[in-house]
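When we follow the working numbering, the leftmost residue of the sequence shown carries the number 584, and every step to the right adds one. We treat Cβ as the ideally placed atom computed from N, Cα and C, and that holds for glycine. Please read all numbers here as calculations on a predicted model, not as lab measurements. Notes for the one structure printed next.
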Amino acid sequence: ETGHQNAYFPLFIPLSYLEKEAKHVEGFAKECAVVTHHRLVQNEEGKLVPDGELEEPLIVRPTSEMIIGEMFSKWIESYRDLPLLINQWANVVRWEMRTRLFLRTTEFLWQEGHTAHATREEEAREETLKMLDVYVDFIENVLAIPVIKGEKSESERFPGAVSTYTFEMMMQDGKALQGGTSHFLGQNFSRAANITFRDQEGSEVHAWTTSWGVTTRMIGGLIMTHGDDDGIILPPRIAPTHIVIIPLIHKEETKNAVFTYCRELKEKLSKIEFDGAPIRVIVDERDVRSGEKVWSWVKKGVPIRVEVGPRELEENILSVVKRTNGPKEFEQHTEEQFFQTVSEQLAAIQSSLYNRAKAFRDEHLVKVDTKEEFYEFFNSNKGFAYAHWSGDSAVEEMVGKDLSVTIRCIPLEGEKEKGTCPFTGKPSPKRVVFAKSY
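And the structure:
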């Protein structure tokens, strides 16, 4: 829909490629995994040791701006070659001192986009903001997580970018999670990679480039936003399974009848649509106790659980439990009632998860006007603080050192309320979002 072409670029990047963009190197140097040898040999003790040192070390991809830029410089010659819109699904390696499942791992999967354009504002920055909106649409409407869109402060920008745009999510512990970023790179990377084109007047011009990406960190955000003490809760629009049917077998003589009905029920439900596709249904026919089956699906977060036993067959009812309710909060439906309302029930679960997360975020997002209020809030509360900021980076250093708080973003939306920075006393054009984060 956005016109980008899928491509794949090498995992190993020559060190000289990264050295072309100074700020980029500085930002990623401490996180890079480096390949220095091309083989292993056995030493005298029989142990494997590296051998065959490479003439030039190879960096295991931390991000792909420079290697993709190298190819852009070969592919682009004229304004007629622009815009060039590339998307890549890949793995990335960045050394992490303290790993945290899904949030910070040494290797992770991501999607990254890279584009080159003929003009700055009309195309390149517009592309940057468009892809930010694509991400936000997915996060809010599919993952049911409310976000705050904004621009990063200079100290939080992607290394080498002119502007970095982000969307921030609030987890249930009040900490912020950066969901993804979209970078306007200006001509910084095109100059470093020599990405030039002949414009309509015949002049040689450096292209304007962008990059943007999201990672498996979104899975962590999904779990921490919607999960409870019983396990994860999956919004129906992302759930691999919408409905699990659990046969309740109390006596061997009822087994065939119950299983037969459950299979027929699955076939009927699979013909009903939700969100433009057939409802995804499974029957749990594993030879384990019913209680074990129930709790395994509760923990997996399947939106709707249907239990069917001899009583349900006899009374012509279905015992239905929504994952957003308690594990034993049953609703009784006739088969006809359930078929007529199941799509609406799934849509209601989707909406309720978003609304619940938004209500929690709004409740824990407060305006703070003095330094004392700011410190008191983060010492004794959880959540985000809207506070004025004059743009002084020393403020970021101070609250980071004292409270482990950072500026998450300068909001793109909302009122531009002028005021006074509570830390410096200088004028402030608007409030920004401060929070502790992952």
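What whole-angstrom Cβ distance do residue i and residue j have, given they're in contact under 8 Å?
i: ILE855; j: VAL925; result: 6 Å
i: SER656; j: ASN771; result: Between ASN771 and SER656 the Cβ distance is about 14 Å, and since that is not below 8 Å, they are no contact.
i: GLU660; j: ARG781; result: 7 Å
i: ILE728; j: GLY804; result: 6 Å
i: ILE815; j: GLY884; result: 4 Å
i: ARG820; j: GLN933; result: 6 Å
i: SER879; j: GLU648; result: Not really, about 43 Å apart at Cβ, beyond 8 Å.
Report the option in the options whose CA atom is closest to the CA atom of residue i.
i: ALA551; options: TRP678, ILE659 and TYR662; result: Given a span of 584 to 1021 for the chain in the structure shown, any question on residue 551 remains unanswerable.
i: GLY892; options: GLU946, GLU835, ALA860 and VAL881; result: GLU835
i: LYS713; options: GLN671, PRO640 and HIS766; result: HIS766
i: PHE721; options: VAL866, PHE921, PHE913 and ILE802; result: ILE802
i: THR711; options: LEU760, ILE826, GLU723 and GLU695; result: GLU695
i: PRO861; options: THR747, ASP867 and ILE826; result: ILE826
i: GLU705; options: THR792, ALA612 and ILE642; result: THR792
Rounded to the nearest angstrom, what separates residue i and residue j at their Cα positions?
i: ASP756; j: ASP858; result: 31 Å
i: GLU604; j: THR907; result: 49 Å
i: GLU636; j: HIS621; result: 7 Å
i: LYS758; j: TYR1021; result: 7 Å
i: LYS849; j: ASN938; result: 30 Å
i: CYS992; j: LYS735; result: 5 Å
i: PHE592; j: GLY610; result: 21 Å
i: LEU817; j: GLU614; result: 33 Å
i: GLU639; j: LEU665; result: 33 Å
i: ALA930; j: THR843; result: 29 Å
i: GLU584; j: VAL717; result: 10 Å
i: ARG644; j: VAL978; result: 33 Å
i: PHE750; j: ASP867; result: 38 Å
i: ILE990; j: SER738; result: 9 Å
Near residue i, what residues of its chain come up, given a Cβ to Cβ distance below 7 Å and the 5 sequence neighbours on each side ignored?
i: LEU948; result: GLY966, PHE967 and TYR969
i: VAL788; result: THR779, PHE780 and ASP782
i: THR688; result: GLU679 and THR682
i: VAL988; result: PHE961, VAL982, PHE1017, ALA1018 and LYS1019
Could you pull out every residue in the same chain whose Cβ sits closer than 8 Å to the Cβ of residue i, ignoring the five residues on either side in sequence?
i: LEU631; result: LEU623, VAL624 and GLN625
i: VAL1023; result: This structure cannot settle anything about residue 1023, because the visible part of the chain is limited to 584 through 1021.
i: PRO1005; result: VAL951, ASP952, THR953, LYS954, GLU956, PHE957, ALA970 and HIS971
i: LYS882; result: ASP813, GLY814 and ILE815
i: GLN915; result: ILE900, LEU901, SER902 and VAL903
By a C-beta neighbour count over all protein chains shown, 10 Å radius and 16 as the cutoff for buried, is residue i buried or exposed?
i: LYS732; result: buried
i: ALA940; result: buried
i: ARG869; result: exposed
i: LEU692; result: exposed
i: PHE595; result: exposed
i: LEU901; result: buried
i: GLN588; result: exposed
i: LEU684; result: exposed
i: ALA699; result: buried
i: ALA701; result: buried
Please work out which residues of its chain come closer than 6 Å, Cβ to Cβ, to residue i, disregarding the five sequence neighbours upstream and downstream, and give them in chain order.
i: ARG944; result: PRO729 and MET753
Is the shortest distance between the beta-carbon of residue i and the beta-carbons of chain C less than 8 Å?
i: LYS905; result: Looking at the structure shown, chain C is missing, and only one protein chain is on hand.
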